[in-house]
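Residue numbers (mature numbering (1 follows the signal peptide of the UniProt record, and there is no 0)): -23 to -1, 1 to 619.
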């Protein structure tokens, strides 16, 4: 056990090392140096709400607009996430304070919101929308200070600070709507070391906002667009009455502070997880459970198998005096091709494609190359990798199809290239139609959809065909025993050998190893959090692969001992059992953690969850299938068969 502890320490040390590499510059995200008075552009990203799950672009609400609206060219990941990055009229200069300034250029004439606009703003406030802005690629955050549950004396001294992404559009109080119409920006800069003769350069290292709601009458504006803020105690908030026109002023102030934070670690405030302890605990817990189980399984299986193989090989010497029993009995049928070999090999090909993609993405992200600062990079990388991994998917599918005595390789290749991606595309298209109907920026634009289709049929399909061709031409897998002409009768199976019972039993261990990580991933997807703990995720992925393989081997061993040789499809289905638990967990998360009540957000949640569960089932099913196939070939190669 001490050896195990040593190894664990080594692995954890390595991971900590990888976590500290977060600080080096990511290619393409180099620091920008500002001189005093240089303009610092503030852009808007989108409006989001975890209650509706529908992002909207910034100017879908009647905010002040600049004279010319320009959208930033975006990568695939940003488009799919619903980001629409656009310029705003905020005038911010490096290290220049602004007390209070009116945003729209006519200070004496307030902005008048029509009844329609007022209704829309009130609805967005009720749906709990947040506004996301960026300055020098840093997202804006709202500081939340609260006292932790410490002793009374300590309470007075120390507050806990957490950051919320974006700022709230407004708030509700006794069924009235109030809009945050004044933004106090607090920007932190780091002064770079330069030679004495040179001018100082600055870098933006944090971007905070304090949103306030201030009534029109309390904001005193003059001819030069300057305004004076009322005393904090005496001011009333700006109400938005959805039944009539409303008048208000949009204002902002800018405050600069010097900070010790280096540019390289400026994202740390956004990424600090308050519960790293939970991750370590869950991972050590999973590692210990998996090691413990693999120890037990290996001992049982190896001892039982050795005994079996020794007995079978001894029996041959005693001229079959004993009746054969157990898994040796089905040696003439164990490699009999299953029903629908083309579909099985296609699904396994997609599983291999997914496996390669996920492995590479997590590994690259763990090295810090897909940090949240390069927006949409993770999504873009995942899409392109899935396309290019079609070669491996096709190769494995083609080779397996040939082994299963398949002949129509062209049809098989087409099936591999279109079956799983077709289902994904179909579900996404239907969901997209609903999002379009809501005019949300989360809807994938038509040109992007065409581009994705071109990538699918122009990159992925030819690569799958290429891989399939070589896989099909390659020598099929070498099965150690011949298949009999006449299939053997399968005895009646016990209740616990039922497929569904198998799925329930096989899913527990892999799901248990990763469900805490699942909670953080769900929070990142559905509650607009940042997820970046890819070091942990990589470990969890390895644990998942090991536990899926072990469970699958045990299940196939029991099945063959019960003289049931129809293991091909069954192993694939049973190994993916943890996907069933992921589905149950997703329902639990929806009911307990999310505040979604409307039809379309619920449809989106369950639509995307269905995709996740399907992909997870393919992934774990493939891992389990290949582990079981190797195991079956190994054990039958070890017994002497006439």
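Heads up, the beta-carbon is just placed ideally off N, CA and C, and yes, glycines get one too.
Are residue 527 and residue 282 touching if we call contact CB-CB under 7 Å? no
inquiry  = At the level of alpha carbons, what is the spacing between residue 398 and residue 58?
reply    = CA-CA distance, residue 398 to residue 58, rounds to 19 Å.
| task | Drop a sphere of 10 angstroms on the beta-carbon of residue 143, count the other beta-carbons inside from all chains shown, and report buried for 16 or more, exposed for fewer. | result | buried
- prompt: How would you write the range of the alpha helix (DSSP H) that residue 386 sits in, first residue to last?
  reply: 386 to 414
- Kindly indicate which three-state DSSP category residue 544 falls into: helix, strand or coil? Reduced to three states, the DSSP call for residue 544 is coil.
* Asked: Under a three-way DSSP split, which group does residue 322 fall into?
  -> helix
Skipping 5 residues on each side, what residues in its chain have a beta carbon closer than 8 Å to that of residue 338?
-> 347, 355, 358, 359 and 362
Could you tell me the alpha carbon to alpha carbon distance between residue 305 and residue 523, rounded to whole angstroms?
27 Å
Going by DSSP, what residue range makes up the beta strand (DSSP E) through residue 160?
159 to 168
Thinking C-beta only, is residue 351 closer than 7 Å to residue 244?
no
Using the three-state DSSP reduction, which class does residue 308 fall into: helix, strand or coil? helix
Is residue 111 buried or exposed, if buried means 16 or more other CB atoms sit within 10 Å of its CB? With 16 or more other Cβ atoms within 10 Å, it is buried.
Check: What residue range is occupied by the uninterrupted beta strand (DSSP E) comprising residue 149?
Finding: 147 to 150
Every unbroken beta strand (DSSP E) inside the segment 88 to 125 [3 residues or more]:
88 to 90, 107 to 112 and 118 to 123
DSSP three-state assignment for residue 622, whether helix, strand or coil:
Within the shown structure, residues of the chain are numbered from -23 to 619, placing residue 622 beyond reach of any answer.
Checklist entry - Would you say residue 95 and residue 223 are within 7 Å of each other, going by their C-beta atoms? => result Between residue 95 and residue 223, the CB-CB gap stays under 7 Å.
query = Name the DSSP bridge partner or partners of residue 235?
reply = Looking at the DSSP output, residue 235 sits in a beta bridge with 166.
Unbroken stretches of the alpha helix (DSSP H), 4 residues or longer, contained in the segment 524 to 597: 545 to 552 and 555 to 569
_Applying the 10 Å Cβ sphere with the 16-neighbour rule, what's the burial state of residue 256?_
buried
Under the three-state DSSP convention, the category residue 77 falls into:
strand
Local conformation of residue 507 per DSSP, three classes
coil
query = For residue 140 versus residue 118, is the C-beta spacing smaller than 7 Å?
reply = yes
| request: Starting from the N-terminal side, write out each stretch of the alpha helix (DSSP H) that is 4 residues or longer and does not extend beyond the segment 316 to 368. | output: 318 to 343 and 354 to 365
Can you tell me whether residue 23 is buried or exposed? The criterion is at least 16 other CB atoms within 10 Å of its CB, across all chains shown. In summary, residue 23 is buried, with 16 or more beta-carbon neighbours lying within 10 Å of its beta-carbon over all protein chains present.
- Which residues in the same chain as residue 381 place their Cβ atom closer than 6 Å to its Cβ, once the five residues preceding and following it in sequence are excluded? 314 and 318
| request: Kindly indicate which three-state DSSP category residue 299 falls into: helix, strand or coil? | output: Its pLDDT being 49, under 50, residue 299 is placed unreliably in this model, and the coordinates cannot settle the point.
Taking residue 179 as part of the beta strand (DSSP E), name the residues at either end of that continuous run.
179 to 189
Review point. Taking the continuous alpha helix (DSSP H) assigned at residue 246, which residues delimit it?
Key: Looking at the DSSP string, the run of the alpha helix (DSSP H) that includes residue 246 is 245 to 248.
ask   = To the nearest angstrom, how far is it from the Cα of residue 451 to the Cα of residue 387?
value = Within the model, the alpha-carbon separation for residue 451 versus residue 387 is close to 15 Å.
With three or more beta-carbon pairs closer than 8 Å as the criterion, would you say the segment 484 to 504 touches the segment 327 to 335?
no
DSSP beta-bridge partners of residue 228: 79 and 159
Can residue 113 and residue 9 be called in contact, C-beta distance under 7 Å?
yes
query: What residues are listed by DSSP as bridge partners for residue 16?
result: 70
| task | Take residue 462 as the anchor and find which of 414, 308 and 517 has the nearest alpha-carbon. | result | 308
| query | Between residue 533 and residue 605, which are expected to be in contact by the criterion C-beta below 8 Å, what is the C-beta distance as a whole number of angstroms? | reply | Indeed, because the Cβ distance is near 4 Å, the residues count as touching under 8 Å.
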